[in-house]
Amino acid sequence: MYVLCLLVIILLLGISAAQMALQGEKAARGERDRQIAFQAAEEALVDAQNDIEGLPGAPGRSSLFAPDSAAGFADGCGEGGALGLCLPAPPDAPALWLSMELDGAEGASAGRTVPYGQFTGAVMQTGQGFLPSRRPRYLIELLSFHPPGAQAAAAAGSLATESYVYRITAIGFGAQESTQIVLQSYYRKQAAGAGP
């Protein structure tokens with residue numbers, strides 16, 4: 019009887035240890051997947067900045083990003099050559115990036131987001147293992163920029179002195195497509211010849 023009780027206790031300890039090991043493995047896999055998605059979203063932010071700047075080898079559509087021009091940006095985001103270029107939502111509506119389908123299917127235009135490398139020519143491997151399940155995506159919103167010390171109300175009415183900053187929203191995917199990370203950054207393109 020004593021031996022039987024001892025065997026039951028050892029069996030319960032073994033089952034408990036196995037469950038803890040499996041939980042630890044699931045947590046590690048989930049964290050790895052989250053890191054893959056995070057890195058993919060960061061790469062999409064950099065790709066969007068390269069899209070804005072039109073760096074050598076990535077001419078894309080940099081002419082649409084003049085520091086003092088809103089040309090190419092549309093309500094609800096543009097299409098074609100202006101894909102992912104968006105005017106902000108009205109003040110009484112939710113932020114545009116909250117109402118957009120950032121994780122739209124590959125090739126679908128419903129989300130109106132830009133797949134990684136579409137305008138810059140950048141390449142990202144996707145697939146299985148330690149790779150994202152699919153390319154990250156981004157959209158760029160045009161926001162008014164008011165330099166420190168300037169009154170926001172004064173600049174809003176004078177289009178001649180209007181300056182812009184871009185809010186970039188990117189989504190990255192992990193090895194599992196259900197693992198998604200959304201990151202945002204603000205980016206201001208300097209006028210040609212302007213100092214920092």
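Residue numbers (this note's numbering): 19 to 214.
Beta carbons are placed, not taken as given, at the ideal position from N, Cα and C, and that holds for glycine.
The model shown is predicted, which means the values in this text are computed figures rather than measured ones.
* Which residue comes first and which comes last in the beta strand (DSSP E) that contains Arg185? -> DSSP places Arg185 in the uninterrupted beta strand (DSSP E) bounded by Ser181 to Phe191.
* Unbroken alpha helix (DSSP H) run spanning Ser151, endpoints -> Here Ser151 belongs to no alpha helix (DSSP H), and DSSP marks it neither H nor E.
* Look up Phe83 in the DSSP assignment and say whether it is helix, strand or coil. => Three-state DSSP puts Phe83 in a helix.
* Asked: In angstroms, rounded to a whole number, what distance separates the CA positions of Arg52 and Gln41?
  -> Arg52 and Gln41: Cα-Cα distance of roughly 16 Å.
* Return the chain-ordered list of same chain residues with a C-beta closer than 7 Å to the C-beta of Ser181, the five sequence neighbours on each side being excluded. => Same-chain partners within the cutoff: Pro85, Asp86 and Phe163.
* Enclosing beta strand (DSSP E) for Leu201 [first to last residue] -> Element bounds for Leu201: Gln198 to Tyr205.
* To do: Look at the alpha carbon of Gly48 and the alpha carbon of Ile54, and state the distance between them as a whole number of angstroms.
  => Roughly 10 Å between the two C-alpha positions.
* With 16 other CB atoms within 10 Å as the buried threshold, where does Pro154 fall? -> When all chains shown are included, Pro154 counts as buried.
* **Burial state of Gly32, where buried means 16 or more other Cβ atoms lie within 10 Å** => Under this definition Gly32 is an exposed residue.
* Asked: Just reading off the alpha helix (DSSP H) that Cys23 is part of, what are its end residues?
  -> Per DSSP, the unbroken alpha helix (DSSP H) holding Cys23 starts and ends at Tyr20 to Glu71.
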